[in-house]
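Notes follow the structure.
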Amino acid sequence: MSELPSAAEERARLAVRDPSEPLTVHLQHGLAYTVGSALGCTPPTREQCLAAFLIPNKAGLTAGARAWSKHFHRSQADGIKDTTSTNPGWWGTPKGPVALLNERALDLFWRVMNSASWRNLHWLPHQVLAYEARVPEGYGMRWSQDLSGIQQVDLQSVEGRESLKDRLWIFRGFVEPMVEGGHENGWRH
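Numbering follows the working numbering, with no gaps: position 42 of the sequence shown is 116.
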């Protein structure tokens, strides 16, 4: 998690900037300024993030609980996949009925959102906007919004922003601290 070298300088100049300038808007939202920053775009609200996290599947498991149940092992020591392990890792171990899984996943949502020290809004391929919130240890969550078919320059206009109202934010899942060779190691820490 690193910002552009000029990020601190850009924040210091906020007081003298045009408040409508895309970089100013980005920084005023408390977002990190990185190579892929989506300047001129607005991050989702907490309410939008929560709504996407709570969407249930056919079994009644929320999007957040489902992602947690598929993902929890990545924070366990030495890549332990045993759910009876005494080391629950950063995410904890999902156990119990659907209602309990949903409740504990919601606790994780608030744990990240209330302690987030890093928020970033950036572009993914194919005009997909991604929002990340991470705690100081690097663990966090990610949402996305598909903006395909909308020209990036349109997002600066009232009409462009209006066209986003029907584009929902989708909960994509949990993220681990960024580490060298993370993909090869299965993101285990």
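Each residue gets a CB set at the ideal place from its N, CA and C atoms; glycine is no exception.
Report the rounded CA-to-CA distance for residue i versus residue j, giving the unit in angstroms.
i: Ala-179; j: Ser-218; result: 19 Å
i: Lys-239; j: Met-252; result: 32 Å
i: Ala-141; j: Thr-108; result: 26 Å
i: Phe-248; j: Glu-84; result: 29 Å
i: Gly-214; j: Trp-184; result: 11 Å
i: Ala-204; j: Leu-124; result: 15 Å
i: Leu-242; j: Thr-167; result: 29 Å
i: Ser-143; j: Glu-211; result: 21 Å
i: Ile-224; j: Val-202; result: 10 Å
Helix or strand or just coil, what does DSSP make of residue i?
i: Glu-177; result: helix
i: Ser-218; result: strand
i: Ser-190; result: Rather than Ser, the amino acid found at residue 190 in this sequence is Ala. Ala-190 falls in the coil class under three-state DSSP.
i: Ser-94; result: coil
i: Val-249; result: strand
i: Val-202; result: strand
i: His-27; result: Here the chain has residues from 75 to 263 only, and residue 27 is not among them.
i: Ala-207; result: strand
i: Ser-143; result: helix
Find the nearest neighbour of residue i within the set the options, judged by alpha-carbon distance.
i: Ala-126; options: Ala-133, Thr-116 and Ala-137; result: Ala-137
i: His-200; options: Pro-79, Asn-188 and Ser-222; result: Ser-222
i: Val-186; options: Lys-144, Ala-112, Trp-164 and Gly-170; result: Trp-164
i: Gly-104; options: Gln-122, Ala-82, Pro-168 and Ala-139; result: Ala-82
i: Ala-139; options: Ser-76, Glu-121, Pro-118 and Gly-170; result: Gly-170
Taking a contact to mean a Cβ-Cβ separation below 8 Å, would you say residue i touches residue j in this structure?
i: Gly-114; j: Pro-93; result: no
i: Arg-208; j: Ala-190; result: yes
i: Asn-194; j: Glu-177; result: no
i: Gly-110; j: Trp-197; result: yes
i: Val-324; j: Ala-133; result: What the structure shows of the chain is the stretch from 75 to 263, and residue 324 is not part of that stretch, so it cannot be assessed.
i: Leu-135; j: Leu-174; result: no
i: Glu-77; j: Ala-112; result: no
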